[in-house]
């Protein structure tokens, strides 16, 4: 079963990170009742504005430590695509205290693992280590927030590495090539239309000066969120955070200014055909509200995703089980975006069935759902299972930090995550109907066809 | 992504997903090691209770009452390597159909009951074993256990569901045909296991999958499902008495033994041929190199684990990653891996790079391998490997299912319940001479080289244009 990333939802725009006037960390009081809370996280804010979130999970003597910067490929200036991700790689290229090549080695000597990832809306660095090493990890991560000192030779060889990363993960995968092209059409004039890894011609001109400008502009404690899950508590974490991240000065960080992406006028189809494709795939993607833009709409869309998707959802039951025109069909909603969220429906055809016939079937199921509506029983069952799934959210060392980090990095309020089960409780069949009619049906979007090269079987 | 998460080789071979299981002992052996004496819970990596149920089934349990969640993992030592050549994929299809209707419950009802009660139930097959796992909230445990028992004891194999799952598998195979890693694995399996059943495609071929019938599934189930080859691990919010009742209820009705013992003979690696190449329209070439490996029951196994970490298994701590990626920028990633099965052991190196960089990379991989044979690793390299391999142990036990899977893996690998506590001393005792010895045992052989993607420059290859075990029967 997939982790319910879509678990989180909504809200208020975060206030721009002001520097707290107090000289002591501001620890938020725990809410009165923790009965229904998903993570029961503890939160605080350091005097320099850095948010601190701790999710105690006392299962094994280890912790996952993450720092999320509220900046990603979406903050790159035009013409230097790939810079945010390149910067992520360069963060491993040395500081005065941790020379090049030593960051991951040091973590591994602690018995830990580390990694990092970049999206359009955030860049995150994370380590999972035995719990007694937490302070050491925080010292290392805090140092590279301000004191990175990469050497030219290491920058140049790393540029080749990210280019090889693109060749391996995008150019080598026909499905990834199609998705890249679909995004480019779905988000005109917007960074979501650019690949996170960058366009190849621009990657070949990646420069330290651009990465450095990005680093100076966005990497600051008041633009970062510290999230820790595992065998610890805020009481243990806070003194360590003050002694490490707390010593860094707050810096002026600009507000994220994203260009407006105009509405899609008309439907667009994209075909990607290559010799190595043997299984045709159909997909259709539209833009829908993200949780940050519209918390209520996002919650309804999550309900709709559950009702339509999965082995017992309407799409699979009608098209795979009953009609047998598809061998798989599914739906995916991503509410974790600073700007528009995305909604994807996809299917693979049964032997001898065309992709357009799968598309027609999907549209028919959606239209019928809109015409007849969802039943009270269907919606109740859906809400109950989503609430049950929320109990599993803490059955993991790293999962809780990931989920809260995703949410907070795109501006979703932590309370909306914590109270997700209770907010679901209030949904009615009309909410699913409304989400379907308002945001999904009759929307202009991008259709993608993944096909074998012409003339092949 | 910066790099992929490290797999911890040392633990894999202790715990091991059944996929990597291995054993030299008889699966019928009922010798249960006694529970360790008086070790306090906090001194042990996992507080494993080794139990025998009233019905006589061995059960390893780790109680954890922090969350209202129960996890069950089990495996039969009998897997896809017992699939007939013209029925390749039948164990895989069995794993897809056990939860598609059982007893009086139809497929749709069964799936709805799982989903509506937030029950994760899944089955899986590997070459050497067939397994299952289930996670449930305590509040839904009665329904969950009822469904698991039905799936294990009375699957329906209705024609509609079987056909639907066959179609899904055919889609999966065709989709995989654009994945260079998957293509490389097909060629590797064909070339490094001789005439052994391990050459087969556990996921089935387009022809064999299409031919499977409900009768084939019943036969495969009868082959795998017997108590004499069953290993069970449970973790979470459950007591020993209740866990024992659960196990007897679910598995007690299975036959004591099956017609076949689930075993196949050993497989030696054939002598390497010239590099095998299969072209695809990607810009890079995927490189795989394969040597004979070291068994997990070999006296040199843990020396091999440490050697592997230093050589290519340790991510950014490894020599391969440091020299090929970090220093030269030739690749996004290059890794070594110990491939341990019941009847064969192989050692692999894999990565992808531009075609003009394949020959230089092979040269570097060989040069570093030679260094491992002839030169002592430094004290610092050795200590770093030991620190990681022993220190990272707790990271593996962060969820209910990881614990349940671990205690099943220990059993199927014939490790005692104290193995997690003892492995530390074993790893700490590895010396530079041990590493040279084990490196010599692996790297003295000529590796089989497999290349997929863009045509590599400056390498004499045998080009193949049809993938083995993908469309039809073995070798076709």
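Protein chains in written order, with my numbering: chain A, 10 to 466; chain B, 1145 to 1620.
C-beta: ideal position from N, C-alpha, C; glycine also.
Since this is a predicted model, take the numbers as computed values, not measurements.
Run through DSSP, which three-state label would residue 27 of chain A get? Translated into positions along the first chain, residue 27 of chain A becomes position 18. Any reading at residue 27 of chain A must be qualified, since the residue scores a pLDDT of 31, below 50, and its modelled position is unreliable; the value itself is stated next. Three-state result, residue 27 of chain A: coil.
Residue nearest to residue 246 of chain A in terms of C-alpha spacing, selected from A/451, A/442, A/53 and A/463: Locating residue 246 of chain A in the first chain gives position 237, counting from the first residue. Answer by Cα proximity: A/53.
Are there three or more Cβ pairs, one per stretch, closer than 8 Å when the stretch 47-64 of chain A is compared with the stretch 423-440 of chain A? Using a Cβ-Cβ distance cut-off of 8 Å, the stretch 47-64 of chain A and the stretch 423-440 of chain A are in contact, since at least three pairs of beta carbons, one from each stretch, lie closer than that value.
Of the residues A/174, A/236, A/159 and A/68, the one placed nearest residue 100 of chain A, counting alpha carbons only: Residue mapping note: residue 100 of chain A aligns to position 91 of the first chain, counting from 1. Comparing Cα-Cα distances from residue 100 of chain A to each of A/174, A/236, A/159 and A/68, the minimum goes to A/159.
Taking Cβ positions only, does residue 1119 of chain B come closer than 8 Å to chain A? What is shown of chain B runs 1145 to 1620, which leaves residue 1119 of chain B out entirely.
Since I believe residue 177 of chain A is in contact with residue 6 of chain A (beta carbons under 8 Å), could you give me their beta-carbon distance rounded to a whole number of angstroms? The question about residue 6 of chain A has no answer, for chain A in this structure spans 10 to 466.
When DSSP builds the beta bridges, which residues end up paired with residue 1483 of chain B? As a working mapping, residue 1483 of chain B is identified with position 339 in the second chain. DSSP output for residue 1483 of chain B lists B/1490 as bridge partner(s).
Mind reading off the beta-carbon distance from residue 329 of chain A to residue 338 of chain A? Whole number of angstroms is fine, and I expect it under 8 Å. As a working mapping, residue 329 of chain A is identified with position 320 in the first chain. As a working mapping, residue 338 of chain A is identified with position 329 in the first chain. Taking a contact as a CB-CB distance under 8 Å, the pair residue 329 of chain A and residue 338 of chain A counts as one, their CB atoms being some 6 Å apart.
In the DSSP assignment, find the unbroken beta strand (DSSP E) run with residue 238 of chain A in it and report its ends. Mapped onto the first chain, residue 238 of chain A falls at position 229. That run of the beta strand (DSSP E) goes 233-239.
Length of the line joining the Cα atoms of residue 1611 of chain B and residue 1327 of chain B: Taking the second chain and counting its residues from 1, one reaches residue 1611 of chain B at position 467. Taking the second chain and counting its residues from 1, one reaches residue 1327 of chain B at position 183. Cα to Cα, the separation comes out at about 7 Å.
Determine whether the Cβ of residue 1472 of chain B lies closer than 8 Å to any Cβ atom of chain A. The sequence position of residue 1472 of chain B within the second chain is 328, counting from 1. Yes, residue 1472 of chain B lies at the interface with chain A (some Cβ there is under 8 Å from its Cβ).
For residue 1255 of chain B, which residues in chain A fall below 8 Å Cβ to Cβ? Numbered from 1 along the second chain, position 111 holds the residue referred to as residue 1255 of chain B. Those are 320 and 321, listed as they occur along chain A.
Grab the span of the alpha helix (DSSP H) containing residue 1549 of chain B for me, first residue to last. The sequence position of residue 1549 of chain B within the second chain is 405, counting from 1. Residues 1544-1556.
Residues in the same chain with beta-carbon distance under 8 Å from residue 362 of chain A, minus the five sequence neighbours each way, listed in chain order, please. Your numbering for residue 362 of chain A matches position 353 in the first chain. So the list reads 334 and 335, once near-sequence residues are dropped.
Within-8 Å CB hit, residue 1164 of chain B to chain A: Here residue 1164 of chain B refers to the residue found at position 20 when the second chain is read from its first residue. Only weak support exists for where residue 1164 of chain B lies, its pLDDT of 28 falling under 50; the value from the coordinates is given anyway. Residue 1164 of chain B does not count as touching chain A.
Please classify residue 82 of chain A: is it buried, with 16 or more other beta-carbons within 10 angstroms of its beta-carbon, or exposed? Locating residue 82 of chain A in the first chain gives position 73, where the first residue counts as 1. Classification of residue 82 of chain A: buried, given that the 10 Å Cβ count is 16 or more.
8 Å Cβ shell around residue 358 of chain A - same chain, five flanking residues per side excluded: Mapped onto the first chain, residue 358 of chain A falls at position 349. Only 289, 291, 334, 335, 336, 364, 366 and 367 meet the Cβ criterion.
Residue 1235 of chain B lies in the alpha helix (DSSP H); which residues open and close that run? The residue you call residue 1235 of chain B lines up with position 91 of the second chain. Here the alpha helix (DSSP H) through residue 1235 of chain B covers 1234-1241.
Evaluate residue 278 of chain A with the Cβ neighbour count: other Cβ atoms within 10 Å of its Cβ, from every protein chain shown; 16 or more gives buried, anything less gives exposed. Locating residue 278 of chain A in the first chain gives position 269, where the first residue counts as 1. Under this definition residue 278 of chain A is an exposed residue.
Below 7 Å CB to CB, which residues in the same chain sit around residue 148 of chain A once its five sequence neighbours on both sides are set aside? Working through the first chain from its first residue, we reach residue 148 of chain A at position 139. Once the five neighbours on either side are set aside, the close Cβ partners of residue 148 of chain A are 253.
Within its chain, find whatever has a CB closer than 8 Å to the CB of residue 1367 of chain B; leave out the 5 residues flanking it on each side and keep chain order. Position 223 of the second chain holds residue 1367 of chain B. Cβ within range, chain order: 1222, 1226, 1402, 1403, 1404 and 1406.
Using Cβ-Cβ distances below 9 Å, what residues of the stretch 421-450 of chain A are close to chain D? Chain labels in this structure do not include chain D; the protein chains are A and B.
Residue 1517 of chain B and residue 1587 of chain B - do their beta-carbons sit closer together than 8 Å? If you number the second chain from 1, residue 1587 of chain B lands on position 443. If you number the second chain from 1, residue 1517 of chain B lands on position 373. The answer is yes: Cβ separation under 8 Å.
Express the C-alpha separation of residue 122 of chain A and residue 1253 of chain B in angstroms, rounding to a whole number. Counted from its first residue, the second chain places residue 1253 of chain B at position 109. Counted from its first residue, the first chain places residue 122 of chain A at position 113. Each residue's Cα considered, the two are about 42 Å apart.
To which residues of the same chain is residue 1349 of chain B closer than 8 Å at the C-beta, ignoring the five residues directly before and after it? Numbered from 1 along the second chain, position 205 holds the residue referred to as residue 1349 of chain B. Excluding residues up to 5 positions away in sequence, 1232, 1233, 1317, 1613, 1614, 1615, 1616 and 1617 lie with their Cβ nearer than 8 Å to the Cβ of residue 1349 of chain B in the same chain.
Interface partners of residue 67 of chain A on chain B, CB under 9 Å: Looking up residue 67 of chain A in the first chain gives position 58. By Cβ distance, chain B contributes 1210.
Give a yes or no on whether the minimum CB-CB distance between residue 357 of chain A and chain B is below 8 Å. Taking the first chain and counting its residues from 1, one reaches residue 357 of chain A at position 348. With 8 Å as the cut-off, residue 357 of chain A counts as an interface residue toward chain B.
For the alpha helix (DSSP H) that contains residue 134 of chain A, what are its first and last residues? Translated into positions along the first chain, residue 134 of chain A becomes position 125. Note, residue 134 of chain A: premise wrong, no alpha helix (DSSP H); beta strand (DSSP E) at 132-139.
Should residue 70 of chain A and residue 1538 of chain B be called a contact, given that it needs their Cβ atoms to be closer than 8 Å? Here residue 70 of chain A refers to the residue found at position 61 of the first chain. Here residue 1538 of chain B refers to the residue found at position 394 of the second chain. Judged by their CB atoms, residue 70 of chain A and residue 1538 of chain B are nearer to each other than the 8 Å cut-off.
When the cut-off is 8 Å and only beta carbons count, does residue 1315 of chain B lie next to chain A? Translated into positions along the second chain, residue 1315 of chain B becomes position 171. Judged by the 8 Å Cβ criterion, residue 1315 of chain B is in contact with chain A.
Quick check on the burial criterion: 16 or more other C-beta atoms within 10 angstroms. Buried or exposed for residue 120 of chain A? For the purposes of this step, residue 120 of chain A is identified with residue 111 of the first chain, where counting begins at 1. Only buried fits residue 120 of chain A, as 16 or more other CB atoms lie within 10 angstroms of its CB.
Three or more beta-carbon pairs under 8 Å between the stretch 1433-1451 of chain B and the stretch 1252-1267 of chain B, yes or no? Touching, no, given that fewer than three Cβ pairs across the two stretches are closer than 8 Å.
First and last residue of the beta strand (DSSP E) that includes residue 1394 of chain B? Counting from one through the second chain, the residue named residue 1394 of chain B turns up at place 250. Residue 1394 of chain B -> not in any beta strand (DSSP E); alpha helix (DSSP H) instead, spanning 1384-1395.
Residue 1381 of chain B and residue 1209 of chain B look like a contact to me (Cβ under 8 Å); what is the Cβ gap, rounded to whole Å? By one-based count along the second chain, residue 1381 of chain B stands at place 237. By one-based count along the second chain, residue 1209 of chain B stands at place 65. The beta-carbon distance between residue 1381 of chain B and residue 1209 of chain B, rounded to whole angstroms, is 5 Å. This is short enough to meet the 8 Å contact definition.
Nearest-angstrom Cα separation, counted from residue 193 of chain A out to residue 470 of chain A: The first residue shown for chain A is 10 and the last is 466, placing residue 470 of chain A beyond what the model contains.
When the Cβ atoms of the stretch 343-355 of chain A are set against those of the stretch 389-397 of chain A, are three or more pairs found closer than 8 Å? With fewer than three CB-CB distances shorter than 8 Å, the stretch 343-355 of chain A does not count as touching the stretch 389-397 of chain A.
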